[in-house]
Amino acid sequence: MSVVATLSFLALMQAPKAQAPAASAWKSYPLGGFSFLLPSAPVEQKAPAEVKDTRYWTSTHAGGNVVVVGVSTITDAEALKKPDAVLAAAVQGTLANQGASLVAQTDALLAGWPAVDIRAKTGPGMFGMARTAIVGNKMVQLMVMGKTEAAVKAPYDKALSGLGIGAQAKGPQTVAGPNFSAVSIGASGSSVELPRMPKEETFPINTKPDAPLMHRFVATYGNRVYIAAYADLPTDKAPTDEAEIAKGLQGINDMVVGSLGGQPLPAVDTKLDGVYAIRNLVKMGSNGVARVESTIVGGRLYTLMAIVPAIWQDHPEVKRFFGSFKLKAAAPSG
Numbered sequence: 152m153s154v155v156a157t158l159s160f161l162a163l164m165q166a167p168k169a170q171a172p173a174a175s176a177w178k179s180y181p182l183g184g185f186s187f188l189l190p191s192a193p194v195e196q197k198a199p200a201e202v203k204d205t206r207y208w209t210s211t212h213a214g215g216n217v218v219v220v221g222v223s224t225i226t227d228a229e230a231l232k233k234p235d236a237v238l239a240a241a242v243q244g245t246l247a248n249q250g251a252s253l254v255a256q257t258d259a260l261l262a263g264w265p266a267v268d269i270r271a272k273t274g275p276g277m278f279g280m281a282r283t284a285i286v287g288n289k290m291v292q293l294m295v296m297g298k299t300e301a302a303v304k305a306p307y308d309k310a311l312s313g314l315g316i317g318a319q320a321k322g323p324q325t326v327a328g329p330n331f332s333a334v335s336i337g338a339s340g341s342s343v344e345l346p347r348m349p350k351e352e353t354f355p356i357n358t359k360p361d362a363p364l365m366h367r368f369v370a371t372y373g374n375r376v377y378i379a380a381y382a383d384l385p386t387d388k389a390p391t392d393e394a395e396i397a398k399g400l401q402g403i404n405d406m407v408v409g410s411l412g413g414q415p416l417p418a419v420d421t422k423l424d425g426v427y428a429i430r431n432l433v434k435m436g437s438n439g440v441a442r443v444e445s446t447i448v449g450g451r452l453y454t455l456m457a458i459v460p461a462i463w464q465d466h467p468e469v470k471r472f473f474g475s476f477k478l479k480a481a482a483p484s485g
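Numbering (the numbering used here), first residue to last: 152 to 485.
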């Protein structure tokens with residue numbers, strides 16, 4: 152299904168006028184390869200003929216709210232490479248087609264898959280809350296609409312808590328994912344794969360007058376931040392043997408971890424492109440994590456960092472970022 156058709160599908164997410172509130176008896180229903188927790192038996196609605204590969208259902212709630220769920224298939228391979236752009240367009244299409252007024256929009260996840268949440272005024276005396284996600288090649292949406300936000304919130308939270316990815320549960324590694332490509336880490340000659348061209352920043356590595364410069368490359372993708380950085384250490388101070396390198400790396404990671412202001416877990420040994428490195432995980436707030444890996448080769452310090460939702464710390468996207476690092480030995484610049 153094309154993105155245009157997907158947006159048409161999202162335009163169908165409106166409360167059916169003929170249905171009356173029904174007594175609530177929340178149950179899970181398998182629909183379109185997903186599992187939805189609904190307050191009453193779902194009624195499948197007929198989609199317009201021009202909207203292909205799309206199914207949607209409505210369920211009524213005793214409080215007068217309407218739950219709408221839908222599943223569509225996205226056949227546009229290029230769109231699957233840019234899920235954030237598709238989700239952003241889907242939100243705008245939903246709002247435009249319904250004449251809704253956006254109250255708030257936030258990035259989210261559905262079992263590790265990219266998603267977006269919206270709260271909106273969907274019409275005179277109507278309020279809606281929705282989560283839209285791309286799971287594999289499927290777009291799934293859950294929306295609850297009612298008279299007020301207060302009336303909608305509890306059934307929305309309950310329905311969302313029971314939304315399962317069902318037959319899609321093999322995991323995010325099946326999705327095409329963002330369009331990663333190798334990016335040179337500045338003059339170092341080394342490279343790492345990033346989801347988009349990074350922004351380059353340069354700053355002293357510490358506050359000393361002769362501090363070496365850190366060259367940092369930052370790429371943001373949805374609610375994930377990927378950072379690759381390097382600095383040429385003074386030749387007379389650069390560690391050479393493994394013990395010195397390990398000590399130097401721990402000092403560097405302590406500095407980086409300290410700047411994040413989170414709760415660090417003990418460092419562990421790892422490898423970056425086959426070279427000895429150390430890794431730290433840092434808990435960021437209640438649902439975030441930063442993964443930091445550093446190595447020193449030929450007097451040059453390399454640091455990779457991913458700041459992601461906690462559920463993403465072992466996500467294939469994160470593994471791809473760290474696993475894509477390619478080292479090119481080069482003489483330090485000073």
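The beta-carbon is built from N, C-alpha and C at its ideal position, and this holds for glycine as well.
Exercise for the section: Determine the extent of the beta strand (DSSP E) in which Leu364 is found, giving its start and end residues. Expected result: Leu364 to Tyr372
Problem - Beta-carbon separation (whole angstroms), Ala176 vs Ser186, contact threshold 8 Å - result: That belief does not hold up - the Cβ atoms of Ala176 and Ser186 are roughly 16 Å apart, past 8 Å.
Handout entry: Extent of the continuous beta strand (DSSP E) to which Gly297 belongs
Key = Lys289 to Gly297
Problem - Start-to-end residues for the alpha helix (DSSP H) that takes in Gly474 - result: Pro467 to Gly474
Problem - Whole runs of the beta strand (DSSP E) within the stretch 385–420, excluding any shorter than 3 residues - result: none
Exercise for the section: Kindly indicate the opening and closing residues of the alpha helix (DSSP H) around Asp504. Expected result: No information on residue 504 is available, as it lies outside the stretch 152 to 485 that the chain covers here.
Exercise for the section: List the whole-angstrom C-beta distance separating Leu345 from Tyr377, where the pair is believed to meet the contact cut-off of C-beta under 8 Å. Expected result: 6 Å
Exercise for the section: With a 10 Å radius around its C-beta and 16 neighbouring C-beta atoms as the bar for buried, classify Leu455 as buried or exposed. Expected result: Counting other Cβ atoms within 10 Å of its Cβ, Leu455 reaches 16 or more and is therefore classed as buried.
Problem - First through last residue of the alpha helix (DSSP H) which encompasses Leu231 - result: Ala228 to Leu231
Exercise for the section: Given a cut-off of 9 Å, decide if Val267 and Arg282 are closer than it, judged by their beta-carbon atoms. Expected result: yes
Handout entry: One or two residues paired with Gly279 in a DSSP bridge
Key = Ala271 and Met296
Handout entry: Exposed unless 16 or more other CB atoms sit within 10 angstroms - verdict on Gly412
Key = Exposed: under 16 other Cβ atoms inside 10 Å.
Practice task
Helix, strand or coil for Ala441, going by three-state DSSP, please let me know.
Solution key: strand
Practice task
Pair every Cβ in the stretch 268–281 with every Cβ in the stretch 296–310, then say whether three or more of these pairs are closer than 8 Å.
Solution key: yes
Handout entry: Span separating the alpha-carbon of Ile269 from that of Ala228
Key = 25 Å
Handout entry: Cα-Cα separation between Val469 and Gly337, rounded to whole angstroms
Key = 21 Å
Problem - Rounded straight-line distance, which links the Cα of Ala247 to that of Phe160 - result: Low per-residue confidence applies at Phe160: pLDDT is 41, beneath 50, and the placement is therefore not dependable enough to give any value.
Handout entry: For Ser339, the three-state DSSP class (helix, strand or coil)
Key = helix
Exercise for the section: Would you please state the rounded distance, in angstroms, between the beta carbons of Ile458 and Gly436? I believe it to be under 8 Å. Expected result: Not quite, the Cβ-Cβ distance comes to about 11 Å (not below 8 Å), so this is no contact.
Problem - Short Cβ contact (9 Å threshold) for Pro415 with Lys434 - result: yes
Practice task
Report yes if the CB atom of Leu314 is closer than 9 Å to the CB atom of Val291, and no otherwise.
Solution key: yes
Handout entry: First and last residue of the uninterrupted beta strand (DSSP E) at Met435
Key = Val426 to Met435
Practice task
Identify every residue that forms a DSSP beta bridge with Leu182.
Solution key: Phe185
Exercise for the section: Provide the residue span of the beta strand (DSSP E) that contains Pro346, from first to last. Expected result: Careful: Pro346 lies outside any beta strand (DSSP E) and carries neither H nor E.
Handout entry: 9 Å Cβ cutoff met for Ser252 and Ala271
Key = Contact check for Ser252 against Ala271 passes: the beta carbons are separated by less than 9 Å.
Practice task
Please report how far the alpha carbon of Glu351 lies from the alpha carbon of Asp361, in whole angstroms.
Solution key: 21 Å
Handout entry: For Thr358, three-class secondary structure by DSSP
Key = Coil at Thr358, not helix or strand.
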